[in-house]
Every structure is written in C-alpha cells, then in structure tokens.
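A.B. asks: I'd like to ask you about the structure that follows.
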Amino acid sequence: MIPASFDYKRASTVDEAVSLLSDGGEDAKLLAGGHSLLPLMKLRLAAPALVIDIGRLRDLSFVRDSGDRVVIGALTRHRDVEIDQTLRQHLPLLSHVAGQVGDPQVRHRGTLGGSIAHGDPASDLPAACLALGATFTAVGPSGSRQIDATDFFQGFLETALAPDEILTEISIPKATGAAWSFQKFNRRAQDWAIVGVAAVRGDRTGVALVNMGPTPLRATPVEEALAGGASDAEAAARAAEGLEPPEDLNASAEYRRHLAQVLVRRALEQARAA
Amino acid sequence: MTVNGSAKEHEVEPRLLLVHYLREVVGLTGTNIGCDTSSCGACTVLLDGESVKSCTLLAAQADGADITTIEGLASGDQMHPMQEAFREKHALQCGYCTPGMVMAAVSLLKEHPNPTEAEVREGLEGNLCRCTGYHNIVQAVLYAASPGSVPERNAGSVPERNLGVSA
Ligand SMILES: Cc1cc2nc3c(=O)[nH]c(=O)nc-3n(C[C@H](O)[C@H](O)[C@H](O)COP(=O)(O)OP(=O)(O)OC[C@H]3O[C@@H](n4cnc5c(N)ncnc54)[C@H](O)[C@@H]3O)c2cc1C
Ligand code: FES
Ligand code: FES
Numbered sequence: 005m006i007p008a009s010f011d012y013k014r015a016s017t018v019d020e021a022v023s024l025l026s027d028g029g030e031d032a033k034l035l036a037g038g039h040s041l042l043p044l045m046k047l048r049l050a051a052p053a054l055v056i057d058i059g060r061l062r063d064l065s066f067v068r069d070s071g072d073r074v075v076i077g078a079l080t081r082h083r084d085v086e087i088d089q090t091l092r093q094h095l096p097l098l099s100h101v102a103g104q105v106g107d108p109q110v111r112h113r114g115t116l117g118g119s120i121a122h123g124d125p126a127s128d129l130p131a132a133c134l135a136l137g138a139t140f141t142a143v144g145p146s147g148s149r150q151i152d153a154t155d156f157f158q159g160f161l162e163t164a165l166a167p168d169e170i171l172t173e174i175s176i177p178k179a180t181g182a183a184w185s186f187q188k189f190n191r192r193a194q195d196w197a198i199v200g201v202a203a204v205r206g207d208r209t210g211v212a213l214v215n216m217g218p219t220p221l222r223a224t225p226v227e228e229a230l231a232g233g234a235s236d237a238e239a240a241a242r243a244a245e246g247l248e249p250p251e252d253l254n255a256s257a258e259y260r261r262h263l264a265q266v267l268v269r270r271a272l273e274q275a276r277a278a
Numbered sequence: 002m003t004v005n006g007s008a009k010e011h012e013v014e015p016r017l018l019l020v021h022y023l024r025e026v027v028g029l030t031g032t033n034i035g036c037d038t039s040s041c042g043a044c045t046v047l048l049d050g051e052s053v054k055s056c057t058l059l060a061a062q063a064d065g066a067d068i069t070t071i072e073g074l075a076s077g078d079q080m081h082p083m084q085e086a087f088r089e090k091h092a093l094q095c096g097y098c099t100p101g102m103v104m105a106a107v108s109l110l111k112e113h114p115n116p117t118e119a120e121v122r123e124g125l126e127g128n129l130c131r132c133t134g135y136h137n138i139v140q141a142v143l144y145a146a147s148p149g150s151v152p153e154r155n156a157g158s159v160p161e162r163n164l165g166v167s168a
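This is the structure we're talking about:
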C-alpha cells in the first residue's frame, strides 16, 4: 500500500514547523514518528497535501527534572520514556505504560507527543497523562499556551490543538513513591487494549480509561467515589458510569462496561497493595 | 543514507516507503514485505542500530541514517552470530519471517544482552511467524545470548561496516 502523493518538508525549528503549518492550512499534517499517521496514509484514510516532518527536532526530545514536575519533550520516543531514569524514579506509571505500547519496533519510532496529539481513545499514553494530571504546552503563530490534559481530548481523534499549533512539551507533577497500576487487557501480543486502566494513588489520585469512549477519558465518578471515602469495590463499580464505549470485533459495549469495572477494581487494589 | 556500510544517494518521491526504497531502488530484496500494515515485522531493519518496521517509515525519514538490512549482518562468508544461532536451532521453516526476525533479535540483544525467555518472547512480539510456533526462534535467541555459544562475538552487535555485500 502506497500513500497518496504529498509534498514533504522538514522543519528544523518549532517556529519553522508552525509557519509551515500556517501556510499549509487544513491540508498540512505534522509527521513525528509516523506510527499513527503513515498507516492511515497507506490506507488512504488520510491524504494530507503537505507533510511536515518534525522528527528531526531533537531539541524536543528530552526529559527534564524541574523541581516538583518532570517536563518531557513532545518528540521523546516511547522507548526513551520507557528507560529514562528520571521518569522511572518520579513517574514510573508513565515509563511502564510507554513500555506497553505496541512492540519494540513501534516504541523505537513513536513519540509521546504524537500519541497525545493523535488522541486515539485506544492509545495508552494519553490515559497515563490523564491519570497523572499532565499539562501540555502548545506553540502556535501567536505564541505558546498551556492546556490541561483533562481539557485536551475533545472528540474522536479531535484535540484542543488548533490546526496551526504544535505540541511541544508535556509537564507532569512528580508522583515519586505513589502507588500505581496499569491494566491493559488484550488477547494478542502487540495489540491495542480492548480496555485499559491507568491509576495512581498518592498525593494525587487519578484514574483514567483506555478505549471506553470517543476519547481517552478520566474516570471521574471513580475518582469522586474514592475522594468521598468509598471502598475500592464501590468506586470500581462506577467505572463505566455515563460512558458509551465502542463496539468492535473484540468486544461489545456491554462487555467493555463490565471489563472496565473489573479492571478498575484490579488497578485500585494493586495500587493499594503496592 | 548509509545502507550496510555503503553510502546511498537518490532523489526519491516523498511517499516512497523505506522498504520499497531498499528493495526496489537499492536492490536489496532480503527485507520482506508481509502484512504491509505495520503488524508482522517481516520488514524489520535496523535504523541507527534499532529495529524499525521499514513499511512504516518514509525513505525520506531515514535520510542520513545508518540502515542495516539482513544482507549487512554477515562478514563475507562468516555469518552473524544471530544467523548462526538460527541455523543451529532450526529456527526457520519457510524463512519468510526470518530476515525481520533476525534483525529484531539483534536489536533485542543489544538492549537486553542476557534476556530471560519471557523477555525474548516479549521482545519479539512485533514479529509474526506462521510456521515455527516460535519455540525454536526463542531457543535460537537464547542460544545466541548464552556465553560461549558463538565465541568472541556479540550477537547483539551490528557490524560497523559490512564486508561481503555490494548494493
Ligand atoms: C503496529 C502498531 C501498534 C501500536 N500499538 C499501540 C498500542 O498498543 N498503544 C498505543 O498507545 N499506541 C500504539 N500504537 C501507536 C503508536 O504509539 C504511535 O507511535 C503514536 O500513537 C503516534 O506517535 P507518532 O510519533 O508515531 O505520531 P505520528 O504518526 O507522526 O502523528 C500522529 C498524529 O499526531 C500529529 N502530531 C504528531 N506530533 C505532533 C506534535 N508534536 N504536535 C502536534 N501534532 C502532532 C500528527 O500530525 C498526526 O496527526 C501502535 C502503532 C502501530 C503502528
Ligand atoms: S510488512 Fe512491515 S510490519 Fe508487516
Ligand atoms: S519460518 Fe515461515 S513464517 Fe516464519
């Protein structure tokens, strides 16, 4: 399968990427690791006229310890998130989740920023960002702004990013020593989660869900139940409240609703036992 | 880019995939195309020493990179330790998945020089084989990693310069 023709430009700075994006309008797409975009282009489900390769913005590949937060460049690859010592120490949930994405070849290319900007409800890292209370930095023609992860995912593959904005940084409050759990349920190696749960319990309690609706989601009813003193089982029973999970070959919506409750309970118990 | 140690320069269409570049422009057909949907790993090559699926990369993204394909592993008549291990442990039947499997295994040992069996299985999760049932492939990778099996040569090593292959 071969993608439709497009123009290819390489950005060597963030500003250049932004101005190429503004010039290219709706038909321009950024290319980071390409592991979501290229499969779509090969299937011709995406056919941008202009592809702007930001894969060489190595300045955006970093992990920085900045006091009570860790800041990660958007172009940091899954593999680097998985093995980085600062992340393993302060945000072990995020490193662990990065190590669960796809397979090693995918992790060698895919980027944290690409996974977030793509906004696929079935992807793992956005759920970890939601559970951990991440904030994203977006840069556009009129400067930069911060977007809370909770406000970022707006619809199926739709995010708060404007078409001429680039996601540059992911900033996450440290969760050093907090208990956490990631439950990814699938039937085959390498696969996406049928349902997934990312949970952290410490100074901050966050629970987020994979593949339970049109976007990566926070399990707000579960978080509220825990804050109100509910038991793990009581809180987990609320995991699917108000949600309309997808139906596909792997599972019906009803199955997903049940699975979410089971996995949230496991996640909460594991994060308590840890 | 550099392919198996030799510099290549071509003007290509932006949409040309790396796997098509390697097979059709450079003429190295050892890298196979299996699924063409990023799942099977038959197209795995090393990009700057790391395994990648060359069906899911534009040739242009690999501009300037150092690519190693299955043809670049052996040194003249001497097989790479991972190739020897695959032969020793009968880790192939039809051989279709083998080039990608060997490249993925080399990258795996580079990252985990002494893997457990579970780590080998997980490390090869991006590669599908329709014939072997994986058992012998896993045995081969463990054999390649075990000290003394392929003396004095590191099975996770990537040759700096290939010797026996002209592209
Ligand atoms: C076989 C396979 C299995 C996979 N399995 C999983 C899995 O189990 N779990 C999982 O979570 N993911 C999985 N993935 C997806 C993988 O994690 C992708 O790498 C990731 O979703 C996208 O990152 P990327 O850097 O490749 O982005 P790209 O494909 O380059 O870009 C994706 C989208 O985001 C936009 N974009 C990229 N970077 C930026 C930026 N900095 N600012 C603004 N927009 C940007 C692009 O324009 C594009 O629309 C899998 C992929 C494959 C091919
Ligand atoms: S051909 Fe590339 S992964 Fe199957
Ligand atoms: S040996 Fe036939 S596909 Fe693996």
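Line order of the protein sequences matches chains A and B. Count along the first sequence from 1, add 4, and you get the number used in our numbering. Count along the second sequence from 1, add 1, and you get the number used in our numbering. Just so you know, even glycine gets a beta-carbon here, dropped at the ideal spot from N, CA and C. No experiment lies behind these values; they were computed from the predicted model shown.
Taking contact to mean 3 or more Cβ pairs, one atom from each stretch, closer than 8 Å, check whether the stretch 66-86 of chain B and the stretch 139-155 of chain A are in contact.
C.D. replies: In short, these stretches do not touch, since the Cβ pair count stays below three.
A.B. asks: For a minimum of 4 consecutive residues, which ranges assigned as the alpha helix (DSSP H) are wholly contained in the stretch 193-276 of chain A?
C.D. replies: Listed in chain order, the complete alpha helix (DSSP H) runs (minimum 4 residues) inside the stretch 193-276 of chain A are 224-231, 236-240.
A.B. asks: For Ile-87(A), which residues does DSSP report across the bridge?
C.D. replies: The partner list for Ile-87(A) (beta bridge, DSSP) is empty, contrary to what the question assumes.
A.B. asks: Give me the subset of the stretch 112-126 of chain A whose CB atoms are less than 9 Å from a CB atom of chain B, sorted by chain position.
C.D. replies: Of all residues in the stretch 112-126 of chain A, His-112, Arg-113 have a Cβ within less than 9 Å of some Cβ in chain B.
A.B. asks: So, using beta-carbon positions, are Leu-18(B) and Thr-32(B) closer together than 7 Å?
C.D. replies: In this structure, Thr-32(B) does not lie closer than 7 Å to Leu-18(B) by Cβ.
A.B. asks: Grab me the residues of Ser-52(B)'s own chain with a C-beta within less than 7 Å of its C-beta, minus the 5 sequence neighbours each way, in chain order.
C.D. replies: Result list for Ser-52(B): Thr-45, Met-104, Ala-105, Ser-108, in chain order.
A.B. asks: Given the structure, does Ser-99(A) come close to ligand 5, in the sense that its CB is under 6 Å from one of the ligand's heavy atoms?
C.D. replies: The model depicted lacks ligand 5 and carries ligand 1, ligand 2 and ligand 3 instead.
A.B. asks: Who does Ser-76(B) pair with in a DSSP beta bridge?
C.D. replies: Paired residue(s): Gln-79(B).
A.B. asks: Is the closest heavy atom of ligand 1 to the C-beta of Gly-28(B) under 6 Å?
C.D. replies: No - ligand 1 has no heavy atom lying nearer than 6 Å to the Cβ of Gly-28(B).
A.B. asks: With a threshold of 7 Å between beta carbons, is Ala-61(B) in contact with chain A?
C.D. replies: Chain A, which has a Cβ nearer than 7 Å to the Cβ of Ala-61(B), makes this yes.
A.B. asks: Output yes if chain A places a C-beta closer than 7 Å to the C-beta of Gly-149(B); else output no.
C.D. replies: So no, Gly-149(B) is outside the interface.
A.B. asks: For Ala-8(A), which three-state DSSP category applies?
C.D. replies: Of the three classes helix, strand and coil, the one that applies to Ala-8(A) here is coil, per DSSP.
A.B. asks: List the whole-angstrom C-beta distance separating Glu-78(B) from Asp-67(B), where the pair is believed to meet the contact cut-off of C-beta under 8 Å.
C.D. replies: Residue identity differs from the one stated: residue 78(B) is Asp in this sequence, not Glu. In fact, because the Cβ distance is near 24 Å, the residues do not count as touching under 8 Å.
A.B. asks: Given that Leu-109(B) touches chain A, what residues does it touch there, using C-beta distances under 9 Å?
C.D. replies: Ordered by position in chain A, the residues that pass the 9 Å Cβ test against Leu-109(B) are Pro-108.
A.B. asks: Can you tell me whether Ser-175(A) is helix, strand or coil according to DSSP?
C.D. replies: Strand, per DSSP.
A.B. asks: Going by alpha carbons, who is nearest to Leu-41(A) out of Ser-119(A), Lys-188(A), Arg-62(A)?
C.D. replies: Minimum Cα distance to Leu-41(A) is reached at Ser-119(A).
A.B. asks: Just to be sure I understand the criterion: a residue counts if its Cβ is closer than 5 Å to at least one heavy atom of ligand 1. Which residues meet that?
C.D. replies: Ordered along the chain, the selected set is Lys-33(A), Leu-34(A), Leu-35(A), Ala-36(A), Gly-37(A), Gly-38(A), His-39(A), Ser-40(A), Leu-41(A), Ala-78(A), Val-105(A), Gly-106(A), Val-110(A), Gly-114(A), Thr-115(A), Gly-117(A), Gly-118(A), Ser-119(A), Ala-121(A), His-122(A), Ser-127(A), Asp-128(A), Ile-170(A), Leu-171(A), Trp-196(A), Ser-39(B).
A.B. asks: Roughly how many whole angstroms lie between the Cα atoms of Thr-70(B) and Ser-150(B)?
C.D. replies: Roughly 23 Å separates the two Cα atoms.
A.B. asks: Measure the Cβ-Cβ separation of Ala-15(A) and Ala-21(A) and say whether it is below 7 Å.
C.D. replies: Yes.
A.B. asks: Closest Cβ-Cβ distance between Pro-249(A) and chain B: below 7 Å?
C.D. replies: With 7 Å as the cut-off, Pro-249(A) does not count as an interface residue toward chain B.
A.B. asks: Would you verify that the beta carbon of Arg-131(B) is, or is not, closer than 7 Å to some beta carbon of chain A?
C.D. replies: False, the Cβ-Cβ gap to chain A never drops below 7 Å.
A.B. asks: According to DSSP, is Ser-185(A) part of a helix, a strand, or is it coil?
C.D. replies: The answer is strand: DSSP assigns Ser-185(A) an E or B state.
A.B. asks: Is the separation between the beta-carbon of Leu-171(A) and that of Ala-78(A) shorter than 7 Å?
C.D. replies: Yes.
A.B. asks: Could you name the residues of the same chain whose beta carbon sits closer than 6 Å to that of Asp-63(A), not counting the 5 residues immediately before and after it, in chain order?
C.D. replies: If we look at Asp-63(A) and ignore the five residues flanking it on each side, it has no Cβ neighbours.
A.B. asks: According to the neighbour-count rule (16 or more other Cβ atoms, all chains shown, within 10 Å of its Cβ), is Leu-24(A) buried or exposed?
C.D. replies: Leu-24(A) is buried by the Cβ-count criterion.
A.B. asks: Report yes or no: is there a C-beta of chain A within less than 7 Å of the C-beta of Pro-82(B)?
C.D. replies: Closer than 7 Å: no.
A.B. asks: For Thr-139(A), which residues of its own chain have a beta-carbon under 6 Å away from its beta-carbon, when the five flanking residues on both sides are left out?
C.D. replies: Counting only Cβ-Cβ distances below 6 Å, and skipping sequence neighbours, we find Gln-150, Asp-152, Ser-175.
A.B. asks: For the stretch 2-25 of chain B, list every residue whose C-beta sits within 9 Å of some C-beta in chain A, in sequence order.
C.D. replies: Residues passing the 9 Å Cβ filter: Glu-14, Pro-15, Arg-16, Leu-17, Leu-18, His-21.
A.B. asks: Given a threshold of 16 other Cβ atoms within 10 Å of its Cβ, counted over all protein chains shown, does Pro-52(A) qualify as buried or as exposed?
C.D. replies: Per the 10 Å Cβ criterion, buried.
A.B. asks: Distance check for Asn-115(B) and Pro-148(B), CA to CA, integer angstroms please.
C.D. replies: If you take the alpha carbons of Pro-148(B) and Asn-115(B), they lie about 9 Å apart.
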